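First the structure, in the form of structure tokens, and then the observations on it.
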Amino acid sequence: MPVYNKLVRDRIPEIIESNGKTCTTRTLNEKEYIEEICKKTGEELAEYREAETPEHKVEELADLLELVNALAQYEGVTLEVVEKVRKEKAEKRGGFEERIFLIEVSDN
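Here my numbering = 1-based position in the sequence shown + 371.
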């Protein structure tokens, strides 16, 4: 019997049971939840980096966005609020489109 000990999407237990299997779950407390969301974000980022097709990359980006959405909800905001702040920061400081890699800064 495989042991997973990881955060899963809300409908995974239902899907497991619809396949004639049983599973054991528990509800995480707030501290555990945030720790597991952060861990899962790292896993999904690694999966994105390893993805070889555009379709697989988009799937992994969707998983990352779902985790960002979960973190936003935990903080009491929506993705729309996060997007608004993202746009404001991009207007003030720019985005990452130009691929600028800062090496060093020295005093004149």
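Don't be surprised by glycine CBs; every beta carbon is placed ideally from N, CA and C.
Given the structure is predicted, the values throughout are model-derived calculations rather than measurements.
Asked: Proximal residues to D434 (C-beta, below 7 Å), its chain only, five neighbours per side dropped; Found: E415
Asked: Opening and closing residue of the alpha helix (DSSP H) in which P425 lies; Found: P425 to Y445
Asked: Secondary structure of T449, DSSP reduced to three states; Found: coil
Asked: For R464, three-class secondary structure by DSSP; Found: helix
Asked: Inter-residue spacing [alpha-carbon to alpha-carbon] between K377 and K428; Found: 22 Å
Asked: Three-state secondary structure (DSSP) of C394; Found: coil
Asked: Anticipated Cβ contact below 8 Å, Y375 with I405, distance rounded; Found: The Cβ separation is near 19 Å, so there is no contact.
Asked: Three-state secondary structure (DSSP) of K377; Found: coil
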